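Below is one structure, written out as structure tokens, with a few remarks after it.
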Amino acid sequence: MATTTELSFIHRIKPATEPGKPPILLLHGTGGNEDDLLSLGGMIAPGSALLSPRGKVLEGGMPRFFRRLREGIFDEEDVRRRAQELADFIAQARESYNLAAPIAVGFSNGANIAAAVLQLRPEALAGAALLRAMVPLQDPPAVDLTGKPVLIVSGASDPIVPAENAKRLTSLLTGAGAVVQHHVLPTGHGLSQTDVALTKAWIDQL
Ligand code: MLT
4 MATTTELSFI
14 HRIKPATEPG
24 KPPILLLHGT
34 GGNEDDLLSL
44 GGMIAPGSAL
54 LSPRGKVLEG
64 GMPRFFRRLR
74 EGIFDEEDVR
84 RRAQELADFI
94 AQARESYNLA
104 APIAVGFSNG
114 ANIAAAVLQL
124 RPEALAGAAL
134 LRAMVPLQDP
144 PAVDLTGKPV
154 LIVSGASDPI
164 VPAENAKRLT
174 SLLTGAGAVV
184 QHHVLPTGHG
194 LSQTDVALTK
204 AWIDQL
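Just add 3 to the spot in the sequence shown (first one is 1) and you have my numbering.
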């Protein structure tokens, strides 16, 4: 599989092996990188093209997709700027690799930037699976997400994402017209086999 720095993010690209499968944009959590979610991508979307960028912001050496002031408190100016930058990268990658608009599959910080891209550049994504996501912007612009499929999977005992916050994200995206499925699993912030199974089933029915 190619690793490349030619586009605006360091990333991995794995070409599709089955035509007609939606491309998947994999977005890692804090401290991850472009390799982190490739095996998850292979499990949830066999045959799909996988596009996996590395977040450009470093927090104590750990890659992220935007700056935060502390855990759960985001630098929203940076969220807005980085969401635009990621949407521009998606457009470049679509052209370079001849891809349809991807479905984002993001974990934690990667889920939060995917939610911000939905709210700021909805055309960049065909849909999104947001694993342990929270509200990225307190005052998002009005956006039309009519018919956009979104999966949100939260952990009932997640110490980072309060249950109320994940519910608010669900309401915000539903209110904008997205077709949102929200599942709350009896788990914490880490991913479980149930996340994998739910995400695969959700992608299969798109
Ligand atoms: C974030 O900073 O995006 C969230 O707190 C999740 C995390 O990356 O820890």
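Here a beta-carbon is modelled for each residue, glycine too, at the ideal position from N, C-alpha and C. Every value quoted in this text rests on a predicted model; they were computed, and no experiment measured them.
Query	Result
Residue closest to residue 186, alpha-carbon to alpha-carbon, out of 32, 148, 134	134
Three CB pairs or more closer than 8 Å across the stretch 24-42 and the stretch 106-116	yes
Residues near residue 67 by beta carbon distance below 6 Å, same chain, minus five either side	33, 58, 60, 112
Selection from 161, 52, 160, 144 that minimises the alpha carbon distance to residue 3	Nothing can be reported for residue 3: it is not among the residues displayed for the chain, which extend from 4 to 209.
Whole beta strand (DSSP E) elements within the stretch 135-173, 3-residue minimum	152-158
First through last residue of the alpha helix (DSSP H) which encompasses residue 109	Where residue 109 is concerned, there is no enclosing alpha helix (DSSP H), although the beta strand (DSSP E) it sits in stretches over 106-110.
Nonlocal neighbours in the same chain, by C-beta distance under 8 Å from residue 46, ignoring five residues either side	199, 203
Simplified DSSP assignment, three categories, for residue 77	strand
C-beta contact flag for residue 120 and residue 128 at 8 Å	yes
Validate contact between the stretch 176-196 and the stretch 150-165 using beta carbons, cut 8 Å, 3 pairs	yes
Secondary structure of residue 184, DSSP reduced to three states	strand
Status (buried if at least 16 other CB within 10 Å, exposed otherwise) for residue 193	exposed
Beta-carbon gap between residue 190 and residue 159 smaller than 8 Å	yes
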